[in-house]
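This report concerns only the one structure given below.
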Amino acid sequence: AGFRVLQLLPGIGPSAAAQIVETMTTALDEAMGLAGWRPPQRAADDWPGFVSLYSGLRAAARWPADLEQIRLWYEPHLERIHEDATTRRADLLQLEQIGSGYASRERFLTELTLDPPDATSDQAGPPHRDEDYLILSTIHSAKGQEWKNVFVLNTVDGCIPADLGVGTKEDIEEERRLLYVAMTRAKDNLNLVMPQRFFPHGQAARGDRHLYASRTRFIPASILAAFQQVSWPSAQAAQGRAARPEVRVDIGARMRGMWK
């Protein structure tokens with residue numbers, strides 16, 4: 043870490059940083075060894091401040107004031123080293139605030155090492171509208187919205203209308219209005235998705251217990267001619283699918299194992 047920090051100073055590269063670390067290692071006192079090292083001309087102006095910071099951090103613990111001292115020393119170097127200096131300055135302030143919640147320097151560094159941040163706090167850039175993306179919305183939240191392509195999921199009785207929304211005629215009419223809202227959100231293409239069957243929860247890994255689904259009562263057979271009906275998978279695709287592996291279960295052995 044010290045090797046990398048030294049290279050933040052102008053005019054100090056890997057070779058000079060290695061020499062400084064070696065000098066501090068062999069000196070009786072690391073701070074005195076650092077102060078006695080003669081920096082290159084480009085680092086002359088910043089060298090006293092760095093030595094002072096290092097000596098102060100080795101003194102009595104002043105946590106979390108140490109973080110502020112480090113930030114104040116590092117901020118002047120940001121614009122010289124990084125193009126996104128404004129973003130990094132905001133990250134430093136946030137890091138300083140987070141560090142103040144830890145009892146000690148050691149605890150803070152340990153947590154930061156084990157769980158580092160994934161990204162900086164820069165502002166969000168322009169959206170990539172040329173990429174594929176999907177908007178998920180409830181019917182209530184879709185009111186007033188409009189999209190080019192709309193898929194209404196689970197257009198079956200029990201979902202539309204909801205099984206808890208058929209108690210009275212007023213409830214059923216409210217459910218009918220919700221489907222109307224969902225269907226009128228589409229500009230160009232409207233797809234009403236009707237599952238052929240539902241598989242209840244709580245089954246074994248290869249369980250096949252299922253329930254058949256019936257089309258929502260709001261789309262009666264008398265108006266089906268106005269819809270293009272498409273099944274998935276198609277018959278040809280179903281024929282081309284690989285057969286499911288056969289699973290044999292020894293029922294007798296399982297029953298005998300229950301009474302061991």
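The sequence shown begins at 43 in my numbering and counts up one residue at a time.
Where is the CB? At the ideal position from N, CA and C, for every residue including glycine.
Values in this document were obtained by computation on a predicted structure and should not be read as measured data.
Considering only the alpha carbon of each residue, which of the options lies closest to residue i?
{"i": "R8", "options": "D157, V198 and L114", "result": "The structure shown does not extend to residue 8, since the chain spans only 43 to 302, so no value can be given for it."}
{"i": "S273", "options": "L234, A204, A59 and I181", "result": "L234"}
{"i": "Y254", "options": "G200, S183 and F260", "result": "G200"}
{"i": "A145", "options": "E117, R104, E125 and D157", "result": "R104"}
{"i": "P159", "options": "I140, I177 and R147", "result": "I140"}
{"i": "L248", "options": "R290, M66, E215 and D230", "result": "Sequence inspection shows Arg at residue 248; the Leu mentioned does not correspond to that position. Cα-wise, what sits closest to R248 is R290."}
{"i": "L176", "options": "H182, N191 and D126", "result": "N191"}
Return the CA-CA distance between residue i and residue j, expressed in angstroms with no decimal places.
{"i": "T128", "j": "E138", "result": "16 Å"}
{"i": "Q271", "j": "V223", "result": "21 Å"}
{"i": "G299", "j": "P242", "result": "28 Å"}
{"i": "R130", "j": "L120", "result": "8 Å"}
{"i": "G90", "j": "E153", "result": "The amino acid occupying residue 90 in the given sequence is Pro; Gly does not appear at that position. The alpha-carbon atoms of P90 and E153 are separated by roughly 31 Å."}
{"i": "W115", "j": "F92", "result": "8 Å"}
{"i": "E188", "j": "A107", "result": "54 Å"}
{"i": "A184", "j": "I261", "result": "21 Å"}
{"i": "T180", "j": "P237", "result": "18 Å"}
{"i": "E110", "j": "L76", "result": "22 Å"}
{"i": "S256", "j": "R227", "result": "24 Å"}
{"i": "R303", "j": "A59", "result": "The displayed coordinates of the chain run from 43 to 302. Any statement about residue 303 would go beyond what the structure contains."}
{"i": "E117", "j": "H124", "result": "11 Å"}
{"i": "E215", "j": "A246", "result": "39 Å"}
Could you check how far apart the C-beta atoms of residue i and residue j are, in whole angstroms? I think they sit under 8 Å.
{"i": "E217", "j": "G209", "result": "Wrong, their Cβ atoms sit about 11 Å apart, outside the cutoff."}
{"i": "L95", "j": "R113", "result": "Not confirmed; about 11 Å, so no contact."}
If you pair each beta-carbon of the segment 79-89 with each one of the segment 50-57, do three or more pairs fall below 8 Å?
-> The segment 50-57 and the segment 79-89 touch, with three or more beta-carbon pairs separated by less than 8 Å.
Please go through the segment 55-128 and give each complete alpha helix (DSSP H) segment of 4 or more residues, from N-terminal end onward.
-> Listed in chain order, the complete alpha helix (DSSP H) runs (minimum 4 residues) inside the segment 55-128 are 56-68, 72-78, 89-100 and 107-123.
Please list the segments of the alpha helix (DSSP H) lying wholly inside the segment 143-215, counting only runs of 4 or more residues, in order along the chain.
-> If only uninterrupted alpha helix (DSSP H) runs of at least 4 residues are considered, those enclosed by the segment 143-215 are 147-156.
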